[in-house]
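Reading through the structure tokens given below for one structure.
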Amino acid sequence: MASYPIAGYGSMVGDGPRSAAYLAALRRLVTPQTFLLELGSGPAFFALAAARMGARRVVAVEPDASLQLGKTAARACGLDGAVEFIRGLSWDCTLDEPADVLVSDLRGALPLYEQHIPAVIDARKRLLKPGGVMIGQRDFLYAAAVEASETYAELTSPWRNAEFDLVFEEASRCVLNDFHRIDPKPEQLLTAPVCWAVLDYRTIDSPDVSAMFEMRVKRGGVGHGLVLWFDAELAPGIGFSNAPGQPKLVYGRRFLPWLEPVALAPGDGIQLEIHANLVGKEYIWRWNTEIPGKACFQQSTFYSQPLWKEDLRKRAGNYAPSLNEDGEIAAFVLSRMDGASTVKEIAAALQASFPARFKDFKAALAKAGELARAFGNIPLGREQA
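The numbering of the sequence shown is our numbering, which starts it at 18 and goes up by one.
Take a look at the structure:
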């Protein structure tokens, strides 16, 4: 799961429309009998709000150290003992009773983000009682063709230098096969928004999403790609919108550029195919665009990075890898994390075994500490504030 700087959490808490919608859903659903679980809680803002609203029991689960902010806030706000804080991943969490309400916001700019959907599916099946309520309930994914000459130029112009006749075609290919932030005005949209997918968290069973749909050009102009956003339904009648023209939210909107700008006329059809597939911890996106008689593009975020031959070879199924020095160092440290050796002892052994790499003890101690923080086995921390 992604972690954020403290200012990033502040941006989420301080997002007025987002927080107001979540709090409205909590007010509707929290009663003195409610057991509420907040998933990926960060500083546990919604968990503390539920406790303040009088929930019977509140549990906040978060792998990041930002959970400490919730603990100290609980003490300062007179909510000692009202929230149980669990430091760890939700996959590893078990509860002695299922929750009545599950609240979460693990989205990125779009809901199709890292382990968001798998985590929600797992928590719904294991940690929420049958008939329990989820906040949010559904996200609606929208797309529209957009005229974005300034954004497009910012992406592509650095890679064409007329003075020295330099053209970085691969760099242009990379930026045109990736997501970018965009904040278009409604008048920049060349088509009506199309809802191309609905994520119903009450029933969803796969993180992968695919859709084929058509958009019709309403206003003539030059199309530079697609703008994507989502609208959220947290509870019936309660939610928020990220649509262009709506108040700007912390999520923003995302731009999927086309390989070339396309002159569009009213009535032109745009046939689209979008696939978002979770591969490991990241989504691979594909978007195929056909504008009959004008353009046909096949694009993927797989091509958003330079394809170095040796890197591709390492991904092949028949590649037989051996450890480089960084791998040997990691293996050395991990092999000594036996529950008996201290980080200081491991660092001393590391320096002795790799003297050319660690000329002073502080460097070895820093590396051993880094790996201990990443892979050290500490049982899930459960604390009452």
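Backbone N, C-alpha and C fix where the C-beta goes; we use that ideal spot for every residue, glycine too. Note that the structure is a prediction, hence the values are computed from the model and not measured.
Assignment of PRO278 by DSSP, reduced to helix, strand and coil, places it in the strand class.
Cα atoms of GLU345 and ALA365: separation of roughly 16 Å, rounded to the nearest angstrom. Rounded to the nearest whole angstrom, the CA to CA distance from VAL239 to ALA228 is 24 Å.
The C-alpha of LEU86 is placed about 20 Å away from the C-alpha of GLY33. Under the three-state reduction of DSSP, ASP328 is assigned to helix.
Distances from the CA of GLU362 to each of PRO372, ALA373, ALA170, PHE378 were compared; the closest alpha carbon is that of PHE378. In the three-state reduction of the DSSP assignment, VAL267 falls in the coil class, being assigned neither a helical nor a strand state.
Remark: three or more beta-carbon pairs, one from each stretch, lie closer than 8 Å, so the stretch 230 to 249 and the stretch 266 to 277 are flagged as touching. For the pair VAL267 and MET29, the CB atoms are nearer than the 8 Å cut-off. Assignment of beta-bridge partners to GLY240 by DSSP yields VAL279.
Below 8 Å, enough C-beta pairs join the stretch 134 to 153 and the stretch 39 to 57 to call them touching: three or more. Under the three-state reduction of DSSP, LEU46 is assigned to helix. Note on geometry: alpha-carbon atoms of ALA214 and TRP302 lie some 14 Å from one another. Residue pairing by DSSP places ASN305 opposite GLU290, GLN315 in a beta bridge.
With contacts defined by Cβ atoms closer than 8 Å, TRP176 and SER189 form a contacting pair. Within 10 angstroms of the beta-carbon of TRP304 lie 16 or more other beta-carbons, which makes it buried. By the neighbour-count definition (other C-beta atoms within 10 Å, threshold 16), ARG44 is an exposed residue.
Secondary-structure assignment with DSSP links SER258 through a beta bridge to ASP248. If you look at VAL360, you'll find it in the alpha helix (DSSP H) that goes 360 to 370. Looking only at PRO115, GLY25, ALA41, the smallest Cα-Cα distance to GLN50 is reached by PRO115. With the rule of 3 Cβ pairs closer than 8 Å, the stretch 307 to 325 does not count as touching the stretch 337 to 353. Inclusion of GLU277 and ALA312 in the CB contact set at 8 Å is warranted, their separation being smaller than that value.
Leaving aside the five residues that flank PHE185 on each side, the residues in its chain whose CB is nearer than 7 Å to its CB run, in chain order, TRP176. Distances from the alpha-carbon of PHE52 to those of THR168, PHE314, VAL75, ALA41 put VAL75 closest. Membership of VAL234 in any alpha helix (DSSP H) is not indicated, and neither H nor E is assigned to it by DSSP. In the displayed model, LYS146 falls within a strand according to three-state DSSP. Partner residues in the beta bridge of VAL215, as assigned by DSSP, are PHE157. The three-state secondary structure of ASP117, taken from DSSP, is strand. Scanning its chain for C-beta atoms nearer than 7 Å, with the 5 sequence neighbours on each side dropped, one finds around PRO264 the residues PRO34, in chain order. Beta-bridge partners of TYR300 (DSSP): LEU295. Here VAL150 is buried. Its C-beta has 16 or more other C-beta atoms within 10 Å. Closest by C-alpha distance to THR359, out of SER83, ALA389, LYS376, is ALA389.
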